[in-house]
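*Asks:* Protein chains in written order, with the working numbering: chain A, 1 to 541; chain B, 542 to 875.
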C-alpha cells in the first residue's frame with residue numbers, strides 16, 4: 001500500500017500535469033526569487049508594523065472609537081502596492097525577460113500555443129496575487145475587528161481589487177508583447193510603471209473612499225445594473241487583451257487577426273446592446289409624458305464607440321492584403337461559413353469590409369430606432385451617428401488606400417508605418433484649420449466647411465447649427481463615399497479570395513507581408529512568381 | 542534514446558536515397574536590401590550529419606531559424622519530415638529540435654526543472670515526462686548535476702543541457718547552430734561524439750553549423766558551403782572535395798613525396814618530369830602539382846624509384862573541408 005506522502009506526491013504530480021507548463025515553471029521560479037521574497041517580507045513586515053502601532057494606540061487608552069476605517073487604507077495600500085504594481089510589473093517583466101535571456105525562442109519552438117504562453121504568464125501572476133491576498137487577510141480581519149468597517153463593503157472592495165489586479169496584469173502582459181526592441185522596452189517600462197502607479201493610487205483612493213464612507217448601497221437596483229455593465233465590459237476587454245497578446249506572439253504566416261476582430265466586434269455590439277437597453281428603458285420605461293430624451297449619455301456612448309471603432313478600423317483596414325498559404329489551407333470548406341467569416345479574416349480589404357458592415361449596421365439601427373423613438377432629439381442623434389460613421393469611413397479608407405500605394409512604391413512600408421502615418425495625418429488634418437485660424441489674428445473663418453477635417457468641431461456644428469447642417473452632411477457623405485470608393489476594389493478582391501477561393505493576383509502577391517525586397521521590384525516579382533508555384537516536398541506526410 | 546556507448550561511433554555516410562528529412566527549395570529571406578538567404582536549396586537525409594558552413598553573415602543562422610519556424614521565408618519553402626515550415630509550423634516543431642547559438646538560461650531553475658519544463662511544454666505527462674527527462678539526463682551524462690542551478694553550469698555543461706533540451710521530445714531532426722562555440726577541446730570532443738551517436742545510432746538527421754571546420758569534417762557526411770546568402774557548394778563531403786579538385790584551374794592534383802636523403806635532388810628530378818609543376822620542398826618532403834592521370838602517377842613513382850630516389854611515402858595530398866572552404870568562398874561580407 002502506498003504511503004500517504006507517496007499518494008500526495010502522486011496526486012500533486014497528476015494535478016501539475018494538467019496545469020499550464022509555464023505556470024508550473026514560473027511558480028517554481030517565483031517562489032525562489034528574491035523579488036517575491038522581498039515583496040512578501042515587506043508586506044508582512046508592513047502589516048505587522050501597522051498592527052503594532054494600532055495596538056500601542058489602543059492599549060491603555062479609553063478611546064472607544066471605531067478605528068477600522070482609519071487603519072484600512074494602510075493595509076489596503078500595502079495590498080495595492082503588491083497586486084496593482086509589483087505583480088503586474090512582474091508579469092510585464094516576465095515576458096521581456098524571456099527575450100533578454102534568449103529563452104523566448106526556445107519557448108516559441110515548443111508545442112505551446114501563443115495562447116498557452118499568455119495564459120501561463122498570467123496565471124503565474126495570479127498565483128502571486130492570491131498569495132499576497134492570503135497574506136493580507138489576517139490584517140484585514142484585524143481591521144474589521146477594530147470596527148467601523150462594513151463587512152460586505154470590505155469584501156466588495158477586496159474582490160474588486162482582485163479583479164482589477166487580474167485585468168491590470170493582463171494589460172501589462174499585452175503591453176510587453178509590443179516591446180521587442182531594447183529602446184521600446186525601456187520606453188514601455190517607464191510608461192507602464194507610470195500607469196501602474198496611477199492605478200495603484202486610484203485604487204487606494206477609491207477603496208478607502210468606499211470603505212470609509214460605506215458608499216456602496218447594496219439595496220439599490222442600479223448598483224447591480226452598473227455591476228453588470230462593468231462586468232460585461234471587463235470580460236470583453238479581458239478577451240480583447242488576450243487576443244491582442246496572443247496575436248503578437250503568433251507565427252507570422254498564421255491568423256493573427258480573427259481573434260482580435262471578433263472580440264472587437266463583440267465589444268462594439270456590447271456597447272450598442274447596452275445603449276439599446278438604456279434607450280428602451282428611457283423610452284418605454286415609464287417616462288413621463290412630454291419629457292424629452294436625455295441625450296448626453298447617448299452622445300458620450302456614441303463618441304466612445306466611434307473612437308474605439310475608428311481605432312479598430314484603422315488597424316484592420318491597413319493590414320496587408322492576401323492570405324498566407326497556411327490560412328488559405330484552414331479556410332472552412334462550407335461556402336456559407338466562408339461567406340460569414342470574410343470580414344473577420346486577415347487582410348486590409350476584409351478589414352475595410354468589416355468596418356463598413358458594422359458602420360452600416362449602426363446607421364441602420366439608428367434609423368430603425370427612429371421609427372420607435374418619436375423625439376426631436378433623435379434626429380440630431382441620427383445626424384451625429386451618420387457624421388461619425390462618415391469620418392471613420394473616410395479616415396480608415398484613406399489610410400488603407402495610402403498604405404497600399406506606399407507599399408506598392410516601397411515594400412519597406414509596412415502596416416505599422418502606415419498606421420503611424422495615418423495617425424499623424426489625422427492629427428494634422430484635425431489641427432490644420434485651427435492652426436490656420438491662429439495666423440488670421442483671431443478672425444476665425446466662419447464657414448463650418450473650413451473645419452471639415454476637424455471631427456469634433458464639425459460634429460458639434462452638425463448637431464447645433466441649423467443653417468449649415470445640410471451642407472456639412474453632404475460634405476461628410478462625400479468624404480465617406482470617397483473613403484469607401486477607394487477601397488471597393490480591394491474589398492471585392494478580399495471577398496472573392498475567401499468566398500470563391502480565388503488565387504491572389506501578381507500585384508497582390510507583391511504586397512504580401514513576406515515580400516520585403518526593396519531594390520528591384522522586377523526581380524522581387526520574379527521570385528514571388530516562383531514562390532507562387534508552391535514547392536512540394538519529395539513525399540507528402 | 543540510448544545511453545552513449547563507450548566506443549567511438551564510426552562515420553559511414555548513409556546512402557542518399559529515400560525521402561529527405563530536410564528539404565530546402567529555393568529559399569529566400571530578404572531584410573530590406575539585405576539578401577540574407579538568396580535561393581538556397583539542399584537536402585539532408587535521415588542518419589546524415591550535414592555541415593552548414595559559411596563565414597559570419599553568410600545566412601546560416603537565418604536559414605536555420607526558418608527551418609526551426611522562428612522566421613518565415615520571403616520566397617521558397619523548406620520542408621522538415623515532409624511538412625512545410627510555412628504551412629505546418631506546429632507539425633515541424635514536433636519533429637524538430639533546434640539548438641540556437643546562444644543558450645537561454647532561466648533564473649532560479651535547476652537542470653531537472655529546466656528539462657521538466659520543456660518536457661511539459663512538448664506535451665509530456667506523468668511517466669512519459671519522467672522517462673523523457675531520464676533519457677536525456679543519461680544521454681547527456683547530466684544526472685549528477687540534476688539539482689544544480691543552471692546559471693552555475695560551465696559552458697560545456699550548458700551546451701550539454703542545451704542539447705538535452707533539444708532532444709527532450711526525441712525529435713527526428715536536429716538543427717544545431719554553432720553548438721561547439723566557446724567550448725574547450727575536451728567538451729568539443731564530447732559534444733562531437735554525442736552528435737555522431739545521434740546520427741549513426743539513433744538515425745537522427747543533423748544539420749550543424751560551425752566555424753571549426755576541422756571538427757565538422759570529422760563528423761559530417763555532407764556539407765553545404767554558403768556565402769552572402771548563396772550556396773557555393775553542397776553534397777556529400779567526398780563529392781565536394783572531389784568536385785573542388787575537378788574544378789581546379791588546371792585539372793591538377795597535389796602530390797606529396799617523403800624521401801630519405803637529398804630533397805633538392807628530388808626537386809631537380811621532378812622538374813624534369815612531364816605533368817609536374819609547382820614543386821615546393823620542405824625538410825624531407827616535396828609537394829607538387831601533377832596533371833597526369835592515375836596510370837601516369839604510378840609511372841612517375843616507378844621512375845622515381847628507378848632513378849635512385851629513396852621514397853618513404855608517395856601520396857595525393859587530401860583536401861580538407863577547410864581547403865575547399867577557402868577555395869570556394871571569396872570573403873564577401875554583407
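C-beta atoms are modelled at their ideal positions from N, C-alpha and C, and glycine is treated no differently. These numbers were taken from a predicted model, which means no experiment stands behind them.
Tell me which same chain residues have a C-beta within less than 6 Å of the C-beta of residue 253 of chain A, skipping the five on either side of it?
*Replies:* Same-chain partners within the cutoff: 324 and 326.
*Asks:* Restricting to runs no shorter than 4 residues, where is the alpha helix (DSSP H) found entirely within the segment 703-775 of chain B?
*Replies:* Here the runs fully enclosed are 726-741 and 754-760.
*Asks:* Indicate whether residue 525 of chain B and residue 853 of chain B have their beta-carbon atoms separated by less than 9 Å.
*Replies:* Residue 525 of chain B falls outside the range modelled here, since chain B spans only 542 to 875, and no answer is possible.
*Asks:* Of the choices A:497, A:78, A:364 and A:127, whose alpha-carbon is the least far from that of residue 321 of chain A?
*Replies:* Measuring from the Cα of residue 321 of chain A, the nearest candidate turns out to be A:497.
*Asks:* Taking 8 Å as the cut-off, does the segment 722-734 of chain B touch the segment 573-585 of chain B (at least 3 CB pairs, one atom from each stretch)?
*Replies:* Contact between the segment 573-585 of chain B and the segment 722-734 of chain B is absent, because fewer than three Cβ pairs lie under 8 Å.
*Asks:* With a threshold of 6 Å on Cβ separation, who are the neighbours of residue 870 of chain B within its own chain once the five nearest residues in sequence on each side are excluded?
*Replies:* Answer for residue 870 of chain B: 768, listed in chain order.
*Asks:* Would you say residue 252 of chain A reaches chain B, if we count a Cβ-Cβ gap shorter than 9 Å as a contact?
*Replies:* Closer than 9 Å: yes.
*Asks:* Skipping 5 residues on each side, what residues in its chain have a beta carbon closer than 8 Å to that of residue 422 of chain A?
*Replies:* Only 314, 318, 395, 398, 399, 402 and 403 meet the Cβ criterion.
*Asks:* If I measure Cβ to Cβ from residue 283 of chain A and keep anything under 6 Å in the same chain, skipping five residues before and after, which residues do I get?
*Replies:* Closer than 6 Å at Cβ, skipping near neighbours: 373.
*Asks:* Any idea if residue 121 of chain A is buried or exposed, counting beta-carbon neighbours within 10 angstroms, 16 or more meaning buried?
*Replies:* With 16 or more other Cβ atoms within 10 Å, it is buried.
*Asks:* DSSP three-state label for residue 864 of chain B, please.
*Replies:* Residue state, collapsed to three classes: helix.
*Asks:* Do you know offhand how far residue 243 of chain A's Cα is from residue 437 of chain A's?
*Replies:* Answer to the nearest angstrom: the Cα atoms are 43 Å apart.
*Asks:* Within the continuous alpha helix (DSSP H) that includes residue 599 of chain B, where are the two ends?
*Replies:* Note, residue 599 of chain B: premise wrong, no alpha helix (DSSP H); not H, not E.
*Asks:* Tell me the start and end of each unbroken alpha helix (DSSP H) in the segment 563-616 of chain B that is at least 4 residues and wholly inside, in chain order.
*Replies:* List check, alpha helix (DSSP H) in window: 601-608.
*Asks:* Taking residue 528 of chain B and residue 836 of chain B to be in contact with their CB atoms under 8 Å, please state how far apart those CB atoms are, rounded to whole angstroms.
*Replies:* There is simply no residue 528 of chain B to check, as chain B begins at 542 and stops at 875 in what is shown.
*Asks:* Are the Cβ atoms of residue 359 of chain A and residue 343 of chain A separated by less than 9 Å?
*Replies:* No, they are not a contact pair.
*Asks:* What residue range is occupied by the uninterrupted alpha helix (DSSP H) comprising residue 640 of chain B?
*Replies:* Element bounds for residue 640 of chain B: not the alpha helix (DSSP H) but the beta strand (DSSP E), 637-640.
*Asks:* State yes or no: is the C-beta of residue 454 of chain A within less than 9 Å of the C-beta of residue 434 of chain A?
*Replies:* It is a contact, given that the beta carbons lie within the stated cut-off.
*Asks:* Taking all protein chains shown into account, decide if residue 803 of chain B is buried (16 or more other Cβ within 10 angstroms of its Cβ) or exposed.
*Replies:* That one is exposed.
*Asks:* Where residue 546 of chain A and residue 110 of chain A are concerned, what is the direct C-alpha to C-alpha distance, given to the nearest angstrom?
*Replies:* An answer regarding residue 546 of chain A cannot be provided, because it is not within the stretch 1 to 541 covered by chain A.
*Asks:* Tell me the residue span of the beta strand (DSSP E) that contains residue 99 of chain A.
*Replies:* Here residue 99 of chain A belongs to no beta strand (DSSP E); instead the alpha helix (DSSP H) covers 87-100.
*Asks:* Measuring straight from C-alpha to C-alpha, what distance separates residue 590 of chain B and residue 617 of chain B?
*Replies:* So the two alpha carbons sit approximately 23 Å from each other.
*Asks:* Go ahead and pull the three-state DSSP assignment for residue 856 of chain B.
*Replies:* In the structure shown, residue 856 of chain B sits in a strand (DSSP, three-state: E or B).
*Asks:* Give every residue of the same chain whose Cβ lies closer than 8 Å to the Cβ of residue 84 of chain A, excluding the five residues on either side of it in the sequence, and list them in chain order.
*Replies:* If we look at residue 84 of chain A and ignore the five residues flanking it on each side, its Cβ neighbours are 161, 164, 165, 168, 196, 199, 200 and 203.
*Asks:* Please tell me whether residue 66 of chain A has its Cβ less than 9 Å away from any Cβ of chain B.
*Replies:* Answer no: the Cβ-Cβ gap between residue 66 of chain A and chain B never drops below 9 Å.
*Asks:* Hey, how far is the Cα of residue 205 of chain A from the Cα of residue 156 of chain A?
*Replies:* Near 15 Å, if we compare the C-alpha coordinates of residue 156 of chain A and residue 205 of chain A.
*Asks:* Quick one: what does DSSP say residue 628 of chain B is sitting in, helix, strand or coil?
*Replies:* In this structure, residue 628 of chain B counts as coil in the three-state DSSP scheme.
*Asks:* Nearest CA to the CA of residue 766 of chain B: which residue from B:587, B:824, B:823 and B:598?
*Replies:* The shortest Cα separation from residue 766 of chain B among B:587, B:824, B:823 and B:598 belongs to B:598.
*Asks:* Just by C-beta distance, which residues in the segment 486-506 of chain A are closer than 9 Å to chain B?
*Replies:* Answer set for the segment 486-506 of chain A: empty.
*Asks:* Between the Cα of residue 808 of chain B and the Cα atoms of B:828, B:795, B:794 and B:750, which residue gives the shortest distance?
*Replies:* Selected option, being the one with the closest Cα: B:828.
*Asks:* Name, please, each residue of chain A whose Cβ falls closer than 8 Å to the Cβ of residue 643 of chain B.
*Replies:* In chain order: 102.
*Asks:* What first and last residue would you give for the beta strand (DSSP E) that runs through residue 798 of chain B?
*Replies:* Note, residue 798 of chain B: beta strand (DSSP E), 794-801.
*Asks:* Going by DSSP, what residues sit across from residue 690 of chain B in a beta bridge?
*Replies:* Paired residues: B:651.
*Asks:* Residue 826 of chain B lies in the beta strand (DSSP E); which residues open and close that run?
*Replies:* Taken as a continuous stretch (DSSP letters only), the beta strand (DSSP E) holding residue 826 of chain B covers 826-831.
*Asks:* I think residue 50 of chain A touches residue 71 of chain A, with their Cβ atoms under 8 Å apart; what is that distance to the nearest whole Å?
*Replies:* Confirmed, Cβ separation roughly 7 Å.
*Asks:* Is residue 850 of chain B helix, strand or coil when you go by DSSP?
*Replies:* Coil, per DSSP.
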